[in-house]
């Protein structure tokens, strides 16, 4: 799950496992495998970093 | 001006009256048999009163405005909407969706509905919600438009009904006052007066109400098509599709002939742009 900020400033969390593509139109458009898409403010590097961080957290399992 | 409507109306009235006068033996006889003031009271008066009873006052107030709309001849030019949307899409791809707020007020085509739709995407509402909102707006516009022709539909349906009523009144009076010594002569005269109301009613329906109603519906269809086109265009802009692809997609709303014109205009524009770019490169 990755926290992002929508274009209207609203913060929400999306399921990083469902991300299919991230486009720049020039807004960041995150398309999910369900066909739904979200326009967010976060730049692409940030989102990718967050996803990596999220996956690392899972594999490290330091919450246990 | 809506020329075909006027031609149809004038030709229809002219031919019907020509037929009436030609079928009678002479002018005074025709005038006597077809102009009957009490029949007019029953048919037109009755139909109008029944319409007023069945239709809210607000619909009736709109009638002059709707007639004005009907008389306007110009067809909605869908290609100008396509051009405007393409321009907006190009701008959105370059500078982002937020600049559209300004851009939509400065482009050549000023359309309230287009502005409304663009504002929805500028406000960054979710795509599914934008679609739902626009569809809702369109269906509300549709409902409002339906009041325009419902007046004429109602009046049209009451015309023949009151014509029939008038005929019954005529027959009742004829039979009650029939002079047995008059024979077939009295019968024929009474019948002809009685049937005039049916003529008035049918005339009111088929010559005036039905064509007006149909024309208003046709205008409505045309407008709805343009609204649908705007909706599709704006949603495509939001999903960040390629402006050229949007144009191709939207051109399915117009005929092949118009499409050719639209694309030809494109071809003429493009070489100029390329030339400009080349010049810029050389200068650099």
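Chains as they are written, first to last, in our numbering: chain A, 95 to 158; chain B, 12 to 295.
Where is the CB? At the ideal position from N, CA and C, for every residue including glycine.
Sequence-distant residues of the same chain with beta carbon closer than 6 Å to residue i, five excluded per side
i: residue 287 (chain B); result: Here residue 287 (chain B) scores only 49 on pLDDT, less than 50, and its place in the model is too uncertain to base an answer on.
i: residue 54 (chain B); result: 173, 174, 177, 208, 211, 212
i: residue 97 (chain A); result: 107
i: residue 289 (chain B); result: Annotation note: pLDDT 49 at residue 289 (chain B) (below 50); position unreliable, no value reported.
i: residue 223 (chain B); result: 163
i: residue 221 (chain B); result: 167
i: residue 19 (chain B); result: none
i: residue 295 (chain B); result: Reliability of the predicted coordinates at residue 295 (chain B) is poor, the pLDDT of 46 falling under 50, and the value obtained from them is presented with this limitation in mind. Cβ neighbours of residue 295 (chain B) beyond the five flanking positions: none.
Proximal chain A residues relative to residue i, where beta-carbon distance stays under 9 Å
i: residue 104 (chain B); result: 119, 120
i: residue 138 (chain B); result: 130, 131, 132, 133
Within 9 Å, strictly: CB atoms of residue i and residue j
i: residue 113 (chain B); j: residue 254 (chain B); result: no
i: residue 93 (chain B); j: residue 265 (chain B); result: yes
i: residue 159 (chain B); j: residue 80 (chain B); result: yes
i: residue 95 (chain B); j: residue 119 (chain B); result: yes
i: residue 205 (chain B); j: residue 235 (chain B); result: no
i: residue 122 (chain A); j: residue 114 (chain A); result: no
i: residue 170 (chain B); j: residue 58 (chain B); result: yes
i: residue 110 (chain B); j: residue 100 (chain B); result: no
i: residue 115 (chain B); j: residue 106 (chain B); result: no
i: residue 6 (chain B); j: residue 219 (chain B); result: Nothing can be reported for residue 6 (chain B), as the shown portion of chain B is limited to 12 through 295.
i: residue 131 (chain B); j: residue 144 (chain B); result: yes
i: residue 138 (chain B); j: residue 148 (chain A); result: no
i: residue 12 (chain B); j: residue 142 (chain B); result: no
i: residue 233 (chain B); j: residue 87 (chain B); result: yes
i: residue 83 (chain B); j: residue 152 (chain B); result: no
i: residue 108 (chain B); j: residue 101 (chain A); result: yes
i: residue 38 (chain B); j: residue 32 (chain B); result: yes
i: residue 189 (chain B); j: residue 198 (chain B); result: yes
i: residue 261 (chain B); j: residue 274 (chain B); result: no
i: residue 60 (chain B); j: residue 165 (chain B); result: no
i: residue 215 (chain B); j: residue 77 (chain B); result: no
Cross-strand partners of residue i (DSSP beta bridge)
i: residue 100 (chain A); result: A:134
i: residue 117 (chain A); result: A:123
i: residue 108 (chain A); result: A:96
Listed by chain order, chain A residues near residue i by CB distance under 7 Å
i: residue 254 (chain B); result: Chain A residues near residue 254 (chain B): none, gap ~11 Å exceeds 7 Å.
i: residue 107 (chain B); result: 120, 121
Neighbouring residues, chain B, relative to residue i (Cβ below 7 Å)
i: residue 133 (chain A); result: 135
i: residue 100 (chain A); result: 135
Proximal residues to residue i (C-beta, below 7 Å), its chain only, five neighbours per side dropped
i: residue 104 (chain A); result: none
i: residue 293 (chain B); result: Its pLDDT being 49, under 50, residue 293 (chain B) is placed unreliably by the model, and the measurement read from it follows with that caveat. Correct list: empty, nothing qualifies.
i: residue 231 (chain B); result: 156
i: residue 127 (chain A); result: 112, 114
i: residue 73 (chain B); result: 158, 159
i: residue 14 (chain B); result: 84
Chain-ordered neighbours of residue i on chain B, where CB pairs are closer than 8 Å
i: residue 138 (chain A); result: Here the premise fails: no neighbours, minimum Cβ distance about 14 Å.
i: residue 123 (chain A); result: 250, 251
Chain-ordered chain B contacts of residue i [CB-CB under 9 Å]
i: residue 144 (chain A); result: Result: empty, since nearest Cβ-Cβ is about 20 Å, beyond 9 Å.
Spatial neighbours of residue i in its chain, beta-carbon cut-off 8 Å, leaving aside the 5 residues before and after
i: residue 6 (chain B); result: Residue 6 (chain B) lies beyond the residue range present for chain B, which begins at 12 and ends at 295; the question has no answer from this structure.
i: residue 63 (chain B); result: 71
i: residue 44 (chain B); result: 35, 203, 204, 207
i: residue 137 (chain A); result: 122
i: residue 272 (chain B); result: 90
i: residue 141 (chain A); result: 96, 98, 116, 122, 124, 134
i: residue 191 (chain B); result: none
Length at least 4, wholly inside the region 26 to 112 of chain B: the alpha helix (DSSP H) runs in chain order: 38 to 45, 48 to 51, 57 to 65, 68 to 72, 74 to 82, 89 to 106
For the region 184 to 241 of chain B, which segments carrying the alpha helix (DSSP H) assignment without a break, of at least 4 residues, lie completely within its bounds, in sequence order? 195 to 214
For a minimum of 4 consecutive residues, which ranges assigned as the alpha helix (DSSP H) are wholly contained in the region 108 to 157 of chain B? Here the runs fully enclosed are 111 to 117, 123 to 133.
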